[in-house]
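See structure below.
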Amino acid sequence: MRVWLKDSERRPDPVPVKTDSRAALYVGLVLWLLALVALLLAPELLNLDEAPWRVATCVVGLVLGALGLLYLRFRKNG
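Just so you know, we're using the numbering used here here: the sequence shown kicks off at 1 and counts up by one.
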């Protein structure tokens with residue numbers, strides 16, 4: 001099995017598939033929001049005293065998802 005092909009032996013690159021990445025980001029944002037709400041409404045059930053990083057993780061997930069949506073909105077090719 002060869003690892004490297006000459007340019008003349010390569011097939012042309014396939015056409016990129018058009019997708020809507022916003023749907024995946026919205027699903028992720030909703031899941032992070034649900035996790036944050038669950039942590040804030042029932043902190044005694046989830047031992048927030050022992051692991052306060054859980055709330056911070058949800059907040060970071062929401063912030064990164066929002067930044068992803070901004071990126072998708074303002075990128076040049078779609």
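Yeah, the Cβ is synthetic: ideal placement off N, Cα and C, and Gly gets one too. Keep in mind it's a predicted model, so treat the numbers as computed, not measured.
Discussion item. Does Val-63 come out as helix, strand or coil in the three-state DSSP assignment?
Written reply: helix
Worksheet item: What separation, rounded to the nearest whole angstrom, lies between the Cα atoms of Leu-48 and Pro-14?
Response: 49 angstroms
Worksheet item: Among the residues of its own chain, which have a CB less than 8 angstroms from the CB of Leu-39, if the five just before and after it don't count?
Response: Leu-46, Leu-48, Arg-54, Val-55, Cys-58
Discussion item. Spatial neighbours of Gly-68 within its chain, please: C-beta separation below 7 angstroms, excluding the five flanking residues on both sides.
Written reply: Leu-25
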